[in-house]
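Undergrad: First, the structure itself, so that you have it in front of you.
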Amino acid sequence: MTLWFPFSLVALVWSLLAVVGGLATVAYLGLGVTMTHTLDGVFGPEPKYRFNWVILWMALIGQLVGVIVSLVIGFLALRHQRRDYRLATAATVLGFVAAGIFLILGALQLPLLPILRDALAL
Numbered sequence: 010m011t012l013w014f015p016f017s018l019v020a021l022v023w024s025l026l027a028v029v030g031g032l033a034t035v036a037y038l039g040l041g042v043t044m045t046h047t048l049d050g051v052f053g054p055e056p057k058y059r060f061n062w063v064i065l066w067m068a069l070i071g072q073l074v075g076v077i078v079s080l081v082i083g084f085l086a087l088r089h090q091r092r093d094y095r096l097a098t099a100a101t102v103l104g105f106v107a108a109g110i111f112l113i114l115g116a117l118q119l120p121l122l123p124i125l126r127d128a129l130a131l
């Protein structure tokens with residue numbers, strides 16, 4: 010049995026949860042910016058806006074880390090697949106599927122990048 014199979018399952022579950030969280034983040038922050046008509050109403054310097062900053066950074070960093078981890082799992086499981094370890098093929102497929110889901114999530118989170126750029130310019 011390959012060691013990478015449980016990690017690939019975790020990466021796949023993480024990617025599916027990240028899709029729900031990523032869509033919620035885009036909706037939450039996008040709606041906040043739309044409703045206040047300004048970034049100051051969502052990303053001000055006061056401590057009450059810290060939650061919005063944390064949500065934004067977690068969404069962006071979590072997605073990038075997810076892609077990297079999924080690709081590492083996929084490539085390491087691919088190495089085990091060449092050695093004919095049991096469940097290595099499944100781990101390889103799940104690792105690359107999770108990486109693909111994270112990449113799709115990155116495309117869905119593209120509206121967060123201009124928000125981040127403008128918020129950092131405040």
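Quick note on numbering: my numbering labels position 7 of the sequence shown as 16, and the sequence is numbered without any gaps. Yeah, the Cβ is synthetic: ideal placement off N, Cα and C, and Gly gets one too.
Can the beta-carbon of Leu80 be found less than 8 Å from the beta-carbon of Ala108?
TA: Their beta carbons are under 8 Å apart, which means Leu80 touches Ala108 by this criterion.
Undergrad: Under a three-way DSSP split, which group does His46 fall into?
TA: It is coil, neither helix nor strand.
Undergrad: What does the alpha-carbon distance come out to for the pair Leu117 and Met67?
TA: Answer to the nearest angstrom: the Cα atoms are 15 Å apart.
Undergrad: Do Leu131 and Phe14 have their C-beta atoms closer together than 8 Å?
TA: No, they are not a contact pair.
Undergrad: Less than 8 Å separating the beta-carbons of Ile124 and Leu38?
TA: Closer than 8 Å, so yes.
Undergrad: Can you tell me which of Arg59, Phe60, Gln90, Ile70 puts its alpha carbon nearest to the alpha carbon of Gly31?
TA: Ranking the options by Cα distance to Gly31, first place goes to Ile70.
Undergrad: Give me the Cα-Cα distance between Arg91 and Ala100, rounded to the nearest whole angstrom.
TA: Rounded to whole angstroms, Arg91 to Ala100 spans 12 Å at the Cα level.
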